[in-house]
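A.B. asks:
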Amino acid sequence: MGSRGDFSGDEPERVARAPGAASLGTAPLPSPIYIEAFHSALRTPRGTCYGLARLMQPPIGAAERGFVMASTHLPAAGFPAREYAAVRTDPARQGYALLRFTFTVAPILAGLDKFFHLLVNWDKYLSDFVVRLVGGHGHQFMLAVGVIEIVAGIGVLLKPRVFGYVVAFWLWGIIVNLLLIPGYYDVALRDFGLSLGALALARLSAAPERHA
Numbered sequence: 000m001g002s003r004g005d006f007s008g009d010e011p012e013r014v015a016r017a018p019g020a021a022s023l024g025t026a027p028l029p030s031p032i033y034i035e036a037f038h039s040a041l042r043t044p045r046g047t048c049y050g051l052a053r054l055m056q057p058p059i060g061a062a063e064r065g066f067v068m069a070s071t072h073l074p075a076a077g078f079p080a081r082e083y084a085a086v087r088t089d090p091a092r093q094g095y096a097l098l099r100f101t102f103t104v105a106p107i108l109a110g111l112d113k114f115f116h117l118l119v120n121w122d123k124y125l126s127d128f129v130v131r132l133v134g135g136h137g138h139q140f141m142l143a144v145g146v147i148e149i150v151a152g153i154g155v156l157l158k159p160r161v162f163g164y165v166v167a168f169w170l171w172g173i174i175v176n177l178l179l180i181p182g183y184y185d186v187a188l189r190d191f192g193l194s195l196g197a198l199a200l201a202r203l204s205a206a207p208e209r210h211a
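Numbering (numbering that gives the first Met the number 0), first residue to last: 0 to 211.
1) In the DSSP assignment, find the unbroken alpha helix (DSSP H) run with Tyr164 in it and report its ends.
2) Along the chain, where does the alpha helix (DSSP H) containing Tyr124 start, and where does it finish?
3) Leaving out five residues before and five after Leu118 in sequence, what residues of the same chain have Cβ atoms less than 6 Å from its Cβ?
4) Select from Asp185, Ile153, Asn176 the residue whose C-alpha is nearest the C-alpha of Arg131.
5) Can you tell which of His116, Thr88, Ala96, Val146 has its C-alpha closest to the C-alpha of Ala197?
6) Work out the CA separation of Val146 and Pro212 for me, nearest whole Å.
7) Measure the alpha-carbon distance for Lys158 versus Ala199 and round it to whole angstroms.
8) Go to Leu198, then tell me how far its alpha helix (DSSP H) extends in each direction, as first and last residue.
9) So, are the CB atoms of Ala151 and Trp171 less than 8 Å apart?
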């Protein structure tokens with residue numbers, strides 16, 4: 000092989016002969032996963048390593064679904080074409096993506112706001128029982144809660160299969176605390192609904208093709 004990024008040898012030919020390539024008329028059309036890998040390899044040195052690694056993998060997913068993607072509709076570098084195709088066409092994957100986004104962003108924003116109180120004064124959601132339990136340091140406890148929520152949000156982004164359950168159990172703990180405060184039962188009901196969404200995310204993440 001020549002210098003880095005030089006694909007004048009047999010690699011483009013390999014892409015053109017890729018298994019699973021669809022056909023358009025009489026001209027063979029490469030599978031989207033091979034197109035994306037080849038273009039990534041041409042973009043940057045890092046993309047070269049990524050592209051070669053993808054070229055070595057069989058084109059599963061997009062070709063089997065009959066999804067054909069022209070080069071003008073390629074996703075951004077680093078996002079596999081088969082995942083892009085699946086999210087665009089599969090309602091279950093769309094629901095999974097929405098849940099993962101929600102339970103990544105919401106805990107992080109709520110956790111950050113524990114330090115600024117821009118959305119609400121979070122200390123009022125702490126029951127007297129819990130305040131006594133932490134020795135009267137309710138505000139400091141809520142700051143620690145904020146840190147935990149930020150970590151939980153990042154965890155959902157990286158490992159939704161595990162942290163989906165973590166968020167659900169965390170919300171159940173919040174519900175118990177809210178039930179000890181008269182007048183916040185509606186908030187407890189809302190958090191119960193959120194906990195079911197977190198459980199749904201954890202279960203959807205258990206699908207073999209979405210192991211994270």
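Here a beta-carbon is modelled for each residue, glycine too, at the ideal position from N, C-alpha and C. Small disclaimer: the values here were computed from a predicted structure and weren't measured.
C.D. replies: Concretely, from the data shown:
1) 159 to 178
2) Premise fails: Tyr124 is in no alpha helix (DSSP H) and is neither H nor E.
3) Asp112
4) Asn176
5) Just measuring C-alpha positions, the residue of His116, Thr88, Ala96, Val146 sitting nearest Ala197 is Ala96.
6) As shown, the chain starts at 0 and ends at 211. That puts residue 212 outside it, with no answer to give.
7) 14 Å
8) 184 to 204
9) Going by C-beta atoms, Ala151 is not nearer than 8 Å to Trp171.
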